[in-house]
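Here the sequence shown stands for residues 13 to 383, where the numbers follow the numbering used here. Note that CB positions come from ideal geometry on N, CA and C, so glycine has one too.
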Amino acid sequence: MKPERFSAQLLESLNSAIIVLDDELTVLFLNHAAESLLECSNNRAEGFPLSALFLTGLQTFEDLADAIVCESPFTQRSIKMVLASGKEITIDLAATLLEPGSASKRKSDSARYVLEMQPLDRILRISREETLLAAQTTSRSLIRGLAHEIKNPLGGLRGAAQLLAKELSDPALTDYTQVIIEEADRLRNLVDKMLGPNKLSQRSAINVHEVLERVAKLLLAENHHRVNIIRDYDPSIPDIYADFEQLIQAVLNIMRNAKQALTTLGPEHDSKITLRTRVIRQFTIGRLRHRLVVRVDIIDNGPGIDKELLHSVFYPMVSGRPDGTGLGLSISQSILQQHQGLIESVSEPGNTCFSLYIPLEPVKDEHEHTH
Ligand SMILES: Nc1ncnc2c1ncn2[C@@H]1O[C@H](COP(=O)(O)OP(=O)(O)OP(=O)(O)O)[C@@H](O)[C@H]1O
Ligand SMILES: [Mg+2]
13 MKPERFSAQL
23 LESLNSAIIV
33 LDDELTVLFL
43 NHAAESLLEC
53 SNNRAEGFPL
63 SALFLTGLQT
73 FEDLADAIVC
83 ESPFTQRSIK
93 MVLASGKEIT
103 IDLAATLLEP
113 GSASKRKSDS
123 ARYVLEMQPL
133 DRILRISREE
143 TLLAAQTTSR
153 SLIRGLAHEI
163 KNPLGGLRGA
173 AQLLAKELSD
183 PALTDYTQVI
193 IEEADRLRNL
203 VDKMLGPNKL
213 SQRSAINVHE
223 VLERVAKLLL
233 AENHHRVNII
243 RDYDPSIPDI
253 YADFEQLIQA
263 VLNIMRNAKQ
273 ALTTLGPEHD
283 SKITLRTRVI
293 RQFTIGRLRH
303 RLVVRVDIID
313 NGPGIDKELL
323 HSVFYPMVSG
333 RPDGTGLGLS
343 ISQSILQQHQ
353 GLIESVSEPG
363 NTCFSLYIPL
373 EPVKDEHEHT
383 H
């Protein structure tokens, strides 16, 4: 095999994204990993300046060009770049200068630099979602313990108030026992809500778009703030095996939040909620790898999640609204967890996206029930 064919094959087989550049930082070659990381084919990129592949990250290119002039190696860790498509990626970047002599031997071969990129987003995402799942499990067991401790004495309290009410002949006094009973009920309802769905899920084959449409209808009926619902569905998504009522609850909590956030901007604002569905292949959630996962994005152009709450919105009792109980998202997250799925959120003013990941076919968790 000719050496150049051999090296091209070698580059293609690497998992790292490789870009070969000439003296002027013009792209000569992208390997497969680079094509998929940068969402651009080798044919389209060839002959263009490296900076054309990105919208931002230009400072990095200037630093890179400086390093290249000095013929010194270049490495930068965890840099954020925005691709021409608008997608943000986080990468480790290393540039290596090729042997100066070897490039000048043949005229056509002007390769001078090899850029190596390691995507970090997936790694960051996995560790972030593991933290999310662990936090969810911890808070659930805390709530379970607390709920048990609250509900027992509460039952006694309520029963005693009922007995007392029977003994009292003065209606002015039974008003007081009524207050005790009502407050005890309110507290019990709150604790039940915190515990999340207590039924075992009733799974069947359901169409995810049917869930979204049902929720959209419910939401539009709720009040008169005008919200434009935009659908971006992939109609080829197969049925998922899930609990219809629970999924409705999970999606409703998220869409209701979006609508509440949009309402704060007043009627002049062009309020939009976008519902987007996609299928993703080979996707890991927690420690399980799924062949196919449905992703549902619920995007609103509202004010965005408060900065202080950004990392804690999925915890129970975390709320940024004066009349909020802070349970909606924690309930949605538990429902998704029961379906081996996950909810993630990203938010900035004007663009808040909650993504629900639902595995198409639940896989058997070998680690389950081992404790
Ligand atoms: N789309 C969104 N835009 C802006 N902020 C949001 C959005 N979704 C959630 N939030 C913030 O996250 C907080 C937590 O939401 P969550 O649904 O868990 O509780 P809540 O809406 O306050 O109360 P509940 O849903 O129990 O009535 C909200 O109070 C709000 O501050
Ligand atoms: Mg809510």
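- Query: What does a CB cutoff of less than 7 Å around LYS163 pick up in its chain, not counting 5 residues either side in sequence?
  - Reply: On the sequence shown, position 151 is the one that residue 163 refers to. Result list for LYS163: ARG200, VAL203, in chain order.
- Backbone CA spacing between PHE73 and ASP244 [nearest angstrom]: For the purposes of this step, residue 73 is identified with residue 61 of the sequence shown, where counting begins at 1. For the purposes of this step, residue 244 is identified with residue 232 of the sequence shown, where counting begins at 1. Roughly 36 Å separates the two Cα atoms.
- Task: Check whether the Cβ of GLY340 sits closer than 7 Å to any heavy atom of ligand 2, and report yes or no.
- Result: Position 328 of the sequence shown, counted from the first residue, corresponds to residue 340. Because some heavy atom of ligand 2 lies under 7 Å away, the Cβ of GLY340 counts as near it: yes.
- Query: Are the Cβ atoms of PRO315 and SER151 separated by less than 8 Å?
  - Reply: Against the sequence shown, residue 315 aligns to sequence position 303. Against the sequence shown, residue 151 aligns to sequence position 139. Contact flag unset, no.
- Message: Taking the alpha-carbon of GLU36 as reference, which of SER28, PRO61, LEU354, ILE297 has the nearest alpha-carbon?
- Response: Position 24 of the sequence shown, counting from 1, holds the residue named residue 36. Of SER28, PRO61, LEU354, ILE297, the residue nearest in Cα terms is PRO61.
- Alpha-carbon to alpha-carbon, ILE317 and LEU354: Numbered from 1 along the sequence shown, position 342 holds the residue referred to as residue 354. Numbered from 1 along the sequence shown, position 305 holds the residue referred to as residue 317. Answer to the nearest angstrom: the Cα atoms are 19 Å apart.
- Proximal residues to ARG226 (C-beta, below 7 Å), its chain only, five neighbours per side dropped: Position 214 of the sequence shown, counting from 1, holds the residue named residue 226. So the list reads ILE260, once near-sequence residues are dropped.
- Within its chain, find whatever has a CB closer than 8 Å to the CB of ALA177; leave out the 5 residues flanking it on each side and keep chain order. Here the question's residue 177 lines up with position 165 in the sequence shown. Closer than 8 Å at the Cβ level, and outside the excluded window around ALA177, lie THR186, THR189, GLN190, ILE193.
- Regarding THR364 and ligand 1, is the C-beta to nearest heavy atom distance less than 7 Å? Indexing the sequence shown from 1 puts residue 364 at position 352. A heavy atom of ligand 1 is found nearer than 7 Å to the CB of THR364.
- Message: Using CA atoms only, rank isn't needed, just tell me which of ALA262, PHE366, VAL126 is closest to ASN313.
- Response: Translated into the one-based positions of the sequence shown, residue 313 becomes position 301. Ranking the options by Cα distance to ASN313, first place goes to PHE366.
- Message: Quick check on the burial criterion: 16 or more other C-beta atoms within 10 angstroms. Buried or exposed for THR289?
- Response: Within the sequence shown, residue 289 is the residue found at index 277, counting from 1. Classification of THR289: buried, given that the 10 Å Cβ count is 16 or more.
- Going by the CB atoms, is the gap between LEU33 and TYR125 shorter than 8 Å? Locating residue 125 in the sequence shown gives position 113, where the first residue counts as 1. Locating residue 33 in the sequence shown gives position 21, where the first residue counts as 1. Contact: yes.
- Which residue from ASN43, SER357, GLN258 puts its Cα closest to that of ALA20? Walking along the sequence shown from the start, residue 20 turns up at place 8. ALA20 has its Cα closest to that of ASN43, out of ASN43, SER357, GLN258.
- Message: Using only CA atoms, which one of LEU127, ILE103, ILE252 lies nearest to PRO85?
- Response: Translated into positions along the sequence shown, residue 85 becomes position 73. Of LEU127, ILE103, ILE252, the residue nearest in Cα terms is LEU127.
- Whole-number beta carbon distance between MET267 and LEU231, since they are thought to touch under 8 Å: Taking the sequence shown and counting its residues from 1, one reaches residue 231 at position 219. Taking the sequence shown and counting its residues from 1, one reaches residue 267 at position 255. The beta-carbon distance between LEU231 and MET267, rounded to whole angstroms, is 5 Å. This is short enough to meet the 8 Å contact definition.
- Is ALA270 near ligand 1, with its Cβ less than 7 Å from a heavy atom? For the purposes of this step, residue 270 is identified with residue 258 of the sequence shown, where counting begins at 1. Yes, ligand 1 has a heavy atom inside 7 Å of this Cβ.
- Item | Integer-rounded CB distance, given that LYS271 should sit under 8 Å from HIS323 | Within the sequence shown, residue 323 is the residue found at index 311, counting from 1. Within the sequence shown, residue 271 is the residue found at index 259, counting from 1. In fact, because the Cβ distance is near 23 Å, the residues do not count as touching under 8 Å.
- Message: Taking the alpha helix (DSSP H) that PHE256 belongs to, which residues open and close that run?
- Response: Your numbering for residue 256 matches position 244 in the sequence shown. It spans 256-275 - the alpha helix (DSSP H) in which PHE256 sits, taken as one unbroken run.
- Does at least one heavy atom of ligand 2 sit under 7 Å from the Cβ of ASN235? Numbered from 1 along the sequence shown, position 223 holds the residue referred to as residue 235. No, ligand 2 has no heavy atom inside 7 Å of this Cβ.
- In the DSSP assignment, what are the bridge partners of SER359? Along the sequence shown, read from residue 1 onward, the residue named residue 359 stands at position 347. THR364, per the DSSP bridge assignment.
- Does the beta carbon of GLY59 fall short of 7 Å from some heavy atom of ligand 2? Within the sequence shown, the letter at position 47 stands for residue 59. Incorrect: GLY59 has no Cβ contact closer than 7 Å to ligand 2.
- Item | Alpha-carbon spacing of PRO374 relative to SER53, whole angstroms | Here residue 374 refers to the residue found at position 362 when the sequence shown is read from its first residue. Here residue 53 refers to the residue found at position 41 when the sequence shown is read from its first residue. Spanning the two alpha carbons is a distance of roughly 34 Å.
- Message: Could you compute how far the alpha carbon of ILE31 sits from the alpha carbon of SER122?
- Response: If you number the sequence shown from 1, residue 31 lands on position 19. If you number the sequence shown from 1, residue 122 lands on position 110. Answer to the nearest angstrom: the Cα atoms are 13 Å apart.
- Are ARG156 and LEU207 touching if we call contact CB-CB under 8 Å? Reading the sequence shown from its first residue, position 144 is the one you call residue 156. Reading the sequence shown from its first residue, position 195 is the one you call residue 207. Going by C-beta atoms, ARG156 is nearer than 8 Å to LEU207.
- Query: Should GLN148 be labelled buried (16 or more other beta-carbon atoms within 10 Å of its own) or exposed?
  - Reply: Residue numbering aside, residue 148 sits at position 136 when the sequence shown is read from its first letter. GLN148 should be labelled buried.
- Message: If you reduce the DSSP assignment to three classes, tell me which class LEU110 lands in.
- Response: As a first step, residue 110 must be located in the sequence shown, where it is residue number 98. LEU110 falls in the coil class under three-state DSSP.
- Among residues of its own chain, excluding the 5 on either side of THR68, which ones have a beta-carbon nearer than 7 Å to its beta-carbon? Counting from one through the sequence shown, the residue named residue 68 turns up at place 56. So the list reads MET93, VAL94, once near-sequence residues are dropped.
- Minimum length 4: unbroken alpha helix (DSSP H) runs contained in the segment 195-238: Here the runs fully enclosed are 220-234.
- Residue environment, ALA57, which counts as buried when at least 16 other CB atoms sit within 10 Å: For the purposes of this step, residue 57 is taken as the residue at position 45 of the sequence shown. Classification for ALA57: buried.
- Entirely within the segment 29-58 and at least 3 residues each: give me those beta strand (DSSP E) ranges in chain order. Secondary structure within the segment 29-58: the beta strand (DSSP E) runs of 3 or more consecutive residues, fully enclosed, are 29-33, 39-42 (chain order).
- Closer than 7 Å: is that where the CB of GLY336 sits relative to any heavy atom of ligand 2? If you number the sequence shown from 1, residue 336 lands on position 324. Yes; taking the cut-off as 7 Å, the Cβ of GLY336 has a heavy atom of ligand 2 nearer than that.
- Task: Please list, in chain order, all residues of the same chain as LEU277 whose beta carbon is under 8 Å from its beta carbon, the five residues on each side excluded.
- Result: Taking the sequence shown and counting its residues from 1, one reaches residue 277 at position 265. Cβ within range, chain order: SER283, GLY314, PRO315.
- Of the choices SER216, GLU83, ASP104, MET129, whose alpha-carbon is the least far from that of LEU110? Here the question's residue 110 lines up with position 98 in the sequence shown. Considering only alpha carbons, the answer is GLU83.
- Within 8 Å (strictly less), CB to CB, does GLN261 reach chain C? Of the protein chains in this structure there is only one, and it is not chain C.
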